[in-house]
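Notes follow the structure.
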Amino acid sequence: MWGIIATWVMAKDGIDKASKLLNDNSSCKEALLAAIKDVEDNPDFWSVGYGGLPNEDKEVECDAAYMNGDNLKVGCVGAIKDIANPIEVAEHLSHEDLNNFLTGDGAKKYAIEKGFMERDMLTQKAINAYEEKKKFSKPYRGHDTIGCIALDSNNSMCAGTSTSGLFMKRKGRIGDSPLIGSGYYADSLIGGAAATGLGEDIMKKCMSYEIVRLMSEGYSPQKACEKALLSYSTKLKGDCSLIAMNNKGEFGAATNIDDFSFVVATQNLKPTIYRVSRITDHSELYLPDEKWLSDLLAHI
Ligand code: GLY
């Protein structure tokens with residue numbers, strides 16, 4: 087069985103590409119990198135990679151991480167600037183024995199040394215949004231991270247994230263996305279999970295590790311996401327949306343916001359967009375109607 091799941095509708099084209107790769111027996115790593123790079127390269131998405139919204143100093147600082155579920159090795163970059171594909175740098179770092187989490191200038195130096203492509207990540211559209219939004223006293227918004235879990239037909243799993251983080255964040259601020267166990271986690275013997283939302287809250291409860299831990303106790307991905315999110319809601323109030331897939335390709339999601347969506351494909355399911363209802367005691371997964379999809383695409 088193979089499968090792949092990623093946060094938000096923006097992942098659809100990437101999941102289309104990744105599912106073809108998995109169907110042709112590519113590794114979960116190749117599939118996940120293809121899915122996330124597709125989003126990083128698209129300037130129409132405000133919250134990831136090229137065209138991402140800048141920090142308060144008008145710089146696009148990106149966070150990304152990669153976790154190999156076979157050996158639990160991770161690579162992470164925080165506040166990296168002007169490198170086209172932060173997820174590739176993170177994946178490369180996951181092969182190192184030491185220095186797996188690099189930030190700022192150190193992360194950029196490593197990326198350049200290893201031959202990763204440099205790119206000015208700030209687009210005119212993002213500058214315009216910055217100029218507009220800075221007129222407001224509370225411009226903080228926009229942290230729609232791509233988080234992705236992939237399972238290949240050799241039963242290997244991996245997880246990855248990429249984000250330009252909270253819009254108008256302070257220079258040097260790092261959210262949950264590159265933090266192991268918070269923004270992502272994968273263990274090929276169990277499954278993987280990823281989070282999107284307010285990093286400052288998500289990291290307090292190590293949400294992704296908690297979901298994988300619950301799956302190891304026998305909870306389905308859906309129940310594990312719901313249980314983790316309900317435990318969060320007693321103490322934390324920030325936006326939080328969660329996805330998970332286990333090593334059988336079963337998947338689930340939960341959210342505390344109104345408009346969370348994700349994309350999933352498995353050996354038995356063509357790439358499909360789901361919406362998720364805000365959690366009460368559980369979250370329902372349902373297929374979006376045409377109007378919702380066309381309104382969303384028009385907005386992008
Ligand atoms: N979840 C992404 C961030 O808070 O930066």
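Under our numbering, residues 87 to 386 are what the sequence shown spells out, in order.
All C-beta atoms, glycine included, are put in the ideal place defined by N, C-alpha and C.
None of these values were measured; they are calculated from a predicted model.
### Message
Quick check: the region 295-312 against the region 252-261, are at least 3 beta-carbon pairs closer than 8 Å?
### Response
no
### Under the three-state DSSP convention, the category I288 falls into
Translated into the one-based positions of the sequence shown, residue 288 becomes position 202. DSSP places I288 in helix when its eight states are reduced to three.
### Query
What separation, rounded to the nearest whole angstrom, lies between the Cα atoms of F346 and Y216?
Counting from 1 along the sequence shown, the entry for residue 346 is found at position 260. Counting from 1 along the sequence shown, the entry for residue 216 is found at position 130. About 24 Å.
### Query
Thinking just about the alpha-carbon of each residue, which of N109, A330 and I198 is nearest to the one in A170?
If you number the sequence shown from 1, residue 170 lands on position 84. Considering only alpha carbons, the answer is I198.
### Task
Classify K167 as helix, strand or coil using the three-state DSSP reduction.
The residue labelled residue 167 in the question sits at position 81 within the sequence shown. Of the three classes helix, strand and coil, the one that applies to K167 here is strand, per DSSP.
#### Entry: Closer than 8 Å: T341 CB and nearest ligand 1 heavy atom
Here residue 341 refers to the residue found at position 255 when the sequence shown is read from its first residue. No, the Cβ of T341 stays beyond 8 Å of every heavy atom of ligand 1.
### Query
Does DSSP put V146 in a helix, in a strand, or in coil?
Position 60 of the sequence shown, counted from the start, is the residue given in the question as residue 146. Here V146 sits in coil by DSSP.
### Task
Could I get the ranges of all uninterrupted beta strand (DSSP E) runs contained in the region 224-258, with 3 residues as the minimum, in chain order?
232-237 and 243-249
### Query
Does any C-beta atom of chain C lie closer than 9 Å to the C-beta of I169?
Of the chains in the structure shown, none is chain C; there is only one protein chain.
### Task
Count the other C-beta atoms from every protein chain shown that fall within 10 angstroms of the C-beta of E296, then say buried if there are 16 or more, exposed otherwise.
Here residue 296 corresponds to residue number 210 of the sequence shown, with the count starting at 1. E296 should be labelled buried.
### Query
If we count the other Cβ atoms within 10 Å of its Cβ and call it buried at 16 or more, is I213 buried or exposed?
The residue given as residue 213 occupies position 127 in the sequence shown. By the 10 Å Cβ count, I213 comes out exposed.
### Message
With the cut-off set at 9 Å, would you say G247 and C234 are in Cβ contact?
### Response
On the sequence shown, position 161 is the one that residue 247 refers to. On the sequence shown, position 148 is the one that residue 234 refers to. The question names Gly, but residue 247 is Thr in the sequence shown. Cβ atoms of T247 and C234: closer than 9 Å.
### Task
Enumerate in chain order the residues of its own chain whose CB-to-CB distance from D367 is below 6 Å, with the five nearest sequence positions on each side excluded.
Stepping through the sequence shown from its first residue, residue 367 is reached at position 281. Cβ neighbours of D367 beyond the five flanking positions: none.
### Query
V125 by DSSP, collapsed to three states: which one?
Numbered from its first residue, the sequence shown carries residue 125 at position 39. In this structure, V125 counts as helix in the three-state DSSP scheme.
### Message
Using C-beta distances below 6 Å, list every residue in its chain close to N332, excluding the 5 sequence neighbours before and after it, in chain order.
### Response
Taking the first residue of the sequence shown as position 1, residue 332 is located at position 246. Result list for N332: G277, M301 and P307, in chain order.
### Query
Starting from I198 and walking both ways along the alpha helix (DSSP H), at which residues does that stretch end?
Here the question's residue 198 lines up with position 112 in the sequence shown. It spans G190 to E199 - the alpha helix (DSSP H) in which I198 sits, taken as one unbroken run.
### Query
Would you call the CB atoms of A351 and A104 closer than 9 Å?
What you label residue 351 is simply residue 265 of the sequence shown in a count that begins at 1. What you label residue 104 is simply residue 18 of the sequence shown in a count that begins at 1. Closer than 9 Å, so yes.
### Query
Can you list, in chain order, the stretches of the beta strand (DSSP E) that have 3 or more residues and sit fully within the region 289-337?
326-332
### Query
Can we say the region 89-105 touches the region 317-337, given the rule of at least three CB pairs closer than 8 Å?
yes
### Task
Identify the continuous alpha helix (DSSP H) that holds P172 and give its terminal residues.
Mapped onto the sequence shown, residue 172 falls at position 86. Segment P172 to L179, the alpha helix (DSSP H) holding P172.
### Query
N186 to L158, Cα distance in whole Å?
Along the sequence shown, read from residue 1 onward, the residue named residue 186 stands at position 100. Along the sequence shown, read from residue 1 onward, the residue named residue 158 stands at position 72. Near 12 Å, if we compare the C-alpha coordinates of L158 and N186.
### Query
Exposed or buried, L355, counting other C-beta atoms within 10 Å across all chains shown (16 or more means buried)?
Taking the sequence shown and counting its residues from 1, one reaches residue 355 at position 269. Flag for L355 reads exposed.
### Three-way DSSP call (helix, strand, coil) for S380 in this model
Looking up residue 380 in the sequence shown gives position 294. Note: S380 maps to helix in three-state DSSP.
### Query
V160: which of S133, L284, K291 and S268 sits nearest, CA to CA?
Position 74 of the sequence shown holds residue 160. Per the Cα distances, S268.
### Task
Would you list the residues sitting across from R364 in a DSSP beta bridge?
Numbered from 1 along the sequence shown, position 278 holds the residue referred to as residue 364. In DSSP, R364 forms a bridge with T341.
### Message
Between which residues of its own chain and M203 is the CB-CB distance below 6 Å, once the five residues before and five after are set aside?
### Response
For the purposes of this step, residue 203 is taken as residue 117 along the sequence shown, with counting starting at 1. So the list reads A170, once near-sequence residues are dropped.
### Message
Let me make sure I understand the geometry here. Which of Y152, I101 and L139 has the alpha-carbon closest to that of A280?
### Response
One-based indexing of the sequence shown puts residue 280 at position 194. Per the Cα distances, Y152.
### Any non-hydrogen atom of ligand 1 closer than 8 Å to E286 Cβ
Your numbering for residue 286 matches position 200 in the sequence shown. For ligand 1, at least one heavy atom lies less than 8 Å from the Cβ of E286.
### Task
Report whether the distance from the Cβ of A281 to the nearest heavy atom of ligand 1 is below 8 Å.
Reading the sequence shown from its first residue, position 195 is the one you call residue 281. Yes, the Cβ of A281 comes within 8 Å of a heavy atom of ligand 1.
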